[in-house]
Amino acid sequence: MIFSDSGRGTEELRSQIDARMMDASEGLNFELAAKMRDVIAGLESSLGNNEFTVPKAAN
1389 MIFSDSGRGT EELRSQIDAR MMDASEGLNF ELAAKMRDVI AGLESSLGNN EFTVPKAAN
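With the numbering used here applied, the sequence shown closes on residue 1447, and no number is skipped along the way.
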């Protein structure tokens, strides 16, 4: 789990998730990339929420 500190670091968090999404896409792991996309959408729509769950990559 990744925790956002009441909005602090939200851009950094979004950047990290975006990077994971791009890595997954480049590795042809489109299911994980879609999950990362959904996490980003959730993050952007609920900035007041303090907890975001990010799926781990399957190897």
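For every residue, glycine included, the Cβ atom is placed at its ideal position computed from N, Cα and C.
Local Cβ density within 10 Å of residue i, reported as buried at 16 or more and exposed below that
i	result
residue 1412	buried
residue 1410	exposed
residue 1434	exposed
Test item: CB-CB of residue i and residue j under 9 Å
i	j	result
residue 1402	residue 1445	no
Residue range of the alpha helix (DSSP H) that includes residue i
i	result
residue 1431	1418-1433
residue 1412	1398-1414
Nearest-angstrom Cβ-Cβ length linking residue i and residue j, presumed shorter than 8 Å
i	j	result
residue 1443	residue 1420	6 Å
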